[in-house]
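According to our numbering, the stretch in the sequence shown is residues 439 to 942, in order.
No residue lacks a Cβ here, since even glycine has one placed at the ideal position from N, Cα and C.
Accompanying notes for the structure given below.
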Amino acid sequence: MARIDGTNNNDRLFGTGADDFINGFGGNDELFGDSGNDILDGGTGVDTMRGGSGDDFYLVDNSADVVIENPNDGIDTVSSTANFTLSANVENLFLRENATIGIGNELDNIIQLPTATLTSAPSVSLSGLGGNDRLVSGIGNDTLDGGTGNDTMNGGGGNDTYRVDSVGDVIQEAVNGGIDTVISSVDHTLAANVENLTLFNVATQSTAFNGTGNELNNVILGNAFNNTLRGLAGDDSIDGGSGIDTLEGGDGNDTLIGNLGNDILDGGTGNDRMLGDFGNDIYIVTDAGDLVDEGDQVLAGNPSFGGVDLVRSTVDFTLGRHLENLTLEGTAVNGTGNELNNEIIGNDIANVLEGLAGNDRILGGNGNDILRGGLGNDNLQGDRGRDTMTGGEGADGFFFDLNAPFNLGAIGRDVIRDFTSGVDRIVLDETTFGPLSRNDVALVANDRDAAASAKKIVFSEATGRLFFNANGSARGFGNNGSGGYFVTLQGAVDFAISDITFQP
């Protein structure tokens, strides 16, 4: 390799057709490498270096140094002790000493901070711009931005920030490599050993973004779009931002914040805390240690500003403040409301459902349920099974509706424990009982008279039983469960035809 040295003046130095080492020393120099794999070092000053063809290596010590390369003239590398932006047709950039900012170009760049040269931990910024780039930094708190293309970024040690704009971008982090954050404008799943993910708003993007964590304790932040955010393992903190979001904590003791929008919050396994904030939110509860909190979402004195929320629980659950509705799923047994107007729905097993205060709607499901309205004007429906209903205080409605024709085995024989004539009401659905009017209702002395009645709905004053007569004027109530008594009103010595209403 030929060595060509300049002076401390402004030199013009020309290489040979072989591999040359050209050193400008001082001054503002111009270096021409010609062909061959050349090393060009401008030295001090503001230098202009042209490597020519071949795989050339440039030593830069000034951000104003100029490197000129033609297309397809080899794989070229700049090693810089100053912040530097690669010019066109130069592939690779190594930062050294005090350099902290490296920016690529439209090619597939490698931008690297060699860790072996570090004596301290500066924070560097590496930007790939176009192309499929490889960015490697050191032990500082670095920012790596691959730009467009499918980029590979390795932050090394330190608390690094990665900017991702392609689903093909790859993040590489070592164990105990700091607390790292990905800021992504596309769907992204955190790589191993990366802690945090923020979805970035893009003005031209109209579809939702998805973000997924890993086995660590992640912090995942959504954006203004409709996000699906999953924590997977670890004790995660997930904030949906604005938009209609689905948040899934996965394993661990997670914190989910719905923020704006009508969100779905699923804590997964573990003792999770879920805060829906504003909007009509759905909470999925699977552990007795889960906490659902709507906070104090009251604006201008309107407590409903936090929306109408639903808890779907596979364990026993009591609604907290500002939560309206509860649906039991799986093996949950007990469901309890609060001071609001609740809707509480049971499942396929024997439930105990209680509304407490408020004007509640309580629906029992398929088991032999116990329903208690509590305070307020409540609507109770045992649905299928042999249910026991207590309206409590207020003017309560007891509904009978199979959403199918009457079948005694399905509708069961329910008990109402506190019916008050003239205050409470029996509501019969015409889908189950057929078209009805009050002319189809009779009050008789006892069950024997009920069997002889031609009316469709017959109340026995002796037993408090209410019968459905599918037999017309024939004695009895009908064969194969098509008729019979379906509810007993305990202690109802007073009962009037006007206590029965009908719904289509």
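Helix, strand or coil at residue i [DSSP, three-state]
| i | result |
| --- | --- |
| threonine 869 | helix |
| aspartate 773 | In the sequence as displayed, the identity of residue 773 is glycine instead of aspartate. Of the three classes helix, strand and coil, the one that applies to glycine 773 here is strand, per DSSP. |
| aspartate 443 | strand |
| aspartate 731 | strand |
| asparagine 634 | strand |
| isoleucine 935 | helix |
| asparagine 877 | helix |
| glycine 489 | coil |
| glycine 649 | strand |
| arginine 886 | helix |
| isoleucine 849 | helix |
| arginine 534 | coil |
| threonine 555 | Because threonine 555 carries a pLDDT of 42, less than 50, the predicted location of this residue cannot be relied on, and no value is offered for it. |
| serine 898 | strand |
| leucine 469 | strand |
| serine 604 | coil |
| asparagine 804 | coil |
| leucine 922 | The sequence shown places glycine at residue 922, rather than the leucine named in the question. Glycine 922: strand per DSSP, three-state reduction. |
Residues near residue i in its chain [Cβ-Cβ closer than 6 Å; skip 5 each side]
| i | result |
| --- | --- |
| phenylalanine 459 | Met439, Arg441 and Ile477 |
| isoleucine 695 | Asp677 and Leu713 |
| arginine 450 | Glu468 |
| phenylalanine 495 | Ile477 and Thr515 |
| phenylalanine 452 | Phe470 |
Residue i beta carbon near the ligand NAP (any heavy atom closer than 7 Å)
| i | result |
| --- | --- |
| asparagine 877 | By its list of ligands, the structure shown contains no ligand whatsoever, and the ligand NAP lies outside what it can speak to. |
Distance, residue j Cα to residue i Cα
| i | j | result |
| --- | --- | --- |
| leucine 567 | valine 746 | 46 Å |
| asparagine 785 | aspartate 821 | 10 Å |
| alanine 629 | asparagine 804 | 46 Å |
| alanine 456 | glutamine 610 | 39 Å |
| phenylalanine 463 | threonine 523 | 22 Å |
| leucine 564 | threonine 636 | 19 Å |
| glycine 474 | asparagine 652 | 48 Å |
| valine 752 | glycine 576 | Checking the sequence, you will find threonine at residue 752 rather than valine. Their backbone Cα atoms lie some 48 Å apart in a straight line. |
| glycine 872 | asparagine 815 | 27 Å |
| threonine 826 | glutamate 686 | 37 Å |
| glutamate 868 | lysine 894 | 12 Å |
| threonine 445 | leucine 531 | 27 Å |
| glycine 492 | valine 528 | 12 Å |
| aspartate 674 | aspartate 715 | 18 Å |
| phenylalanine 857 | glycine 823 | 20 Å |
| leucine 654 | glycine 679 | 21 Å |
| aspartate 479 | arginine 488 | 11 Å |
| threonine 581 | threonine 454 | 40 Å |
| glycine 812 | glutamate 792 | 7 Å |
| isoleucine 513 | leucine 545 | 11 Å |
| valine 484 | aspartate 618 | 37 Å |
| glycine 919 | histidine 626 | 58 Å |
| glycine 929 | isoleucine 658 | 58 Å |
| leucine 818 | valine 640 | 49 Å |
| alanine 502 | glycine 490 | 20 Å |
8 Å contact criterion, which residue i and residue j should meet: CB distance rounded
| i | j | result |
| --- | --- | --- |
| serine 859 | aspartate 937 | 5 Å |
| asparagine 780 | glutamate 762 | 6 Å |
| leucine 757 | leucine 764 | 5 Å |
| asparagine 665 | glycine 649 | 7 Å |
| glycine 775 | asparagine 789 | With a Cβ gap of about 13 Å, glycine 775 and asparagine 789 do not count as contacting. |
| leucine 703 | isoleucine 722 | 7 Å |
| aspartate 949 | arginine 601 | Outside the displayed range of the chain (439 to 942) lies residue 949, so it cannot be described from this structure. |
| valine 574 | asparagine 592 | 5 Å |
| leucine 866 | glycine 902 | Going by Cβ atoms, the distance from leucine 866 to glycine 902 rounds to 17 Å, so no, they are not a contact pair. |
| valine 498 | alanine 520 | 6 Å |
| glycine 669 | glycine 690 | 7 Å |
| glycine 717 | aspartate 701 | 6 Å |
| aspartate 443 | asparagine 461 | 5 Å |
| aspartate 719 | glycine 706 | Rounded, the Cβ-Cβ distance is 16 Å, inconsistent with contact. |
| threonine 828 | arginine 810 | 5 Å |
| phenylalanine 836 | aspartate 862 | 7 Å |
Close-in-space but distant-in-sequence residues of the same chain around residue i (CB under 8 Å, 5 per side omitted)
| i | result |
| --- | --- |
| glycine 921 | Phe844, Leu846, Phe905, Phe906, Asn907, Ala908, Asn909, Gly914 and Phe915 |
| alanine 900 | Ala883, Asn884 and Asp885 |
| asparagine 588 | Asn570, Ser604, Gly606, Asp607 and Val608 |
| threonine 555 | Only weak support exists for where threonine 555 lies, its pLDDT of 42 falling under 50; the value from the coordinates is given anyway. Excluding residues within five positions, the ones whose Cβ falls inside 8 Å are Arg534 and Glu535. |
| glycine 585 | Gly542, Ser565, Gly566, Leu567, Gly568, Gly569, Asp571 and Asp603 |
| asparagine 740 | Any reading at asparagine 740 must be qualified, since the residue scores a pLDDT of 46, below 50, and its modelled position is unreliable; the value itself is stated next. Once the five neighbours on either side are set aside, asparagine 740 has no close Cβ partner at all. |
Nonlocal neighbours in the same chain, by C-beta distance under 7 Å from residue i, ignoring five residues either side
| i | result |
| --- | --- |
| glycine 616 | Gly595, Gly596, Asn597 and Asp598 |
| leucine 778 | Glu762 and Gly796 |
| threonine 538 | Asn521, Pro560, Ser561, Val562 and Ser563 |
| asparagine 656 | Leu628, Glu633, Asn634, Leu635, Gly669, Gly672 and Asp674 |
| phenylalanine 638 | Ile621, Ser622, Ser623 and Asn661 |
| valine 613 | Asn631 |
With three or more beta-carbon pairs closer than 8 Å as the criterion, would you say the segment 851 to 865 touches the segment 877 to 889? no
Touch test, the segment 533 to 553 against the segment 502 to 510, Cβ-Cβ under 8 Å, three pairs minimum: no
Evaluate the contact criterion for the segment 820 to 832 versus the segment 903 to 920: three or more CB pairs, one atom per stretch, below 8 Å. no
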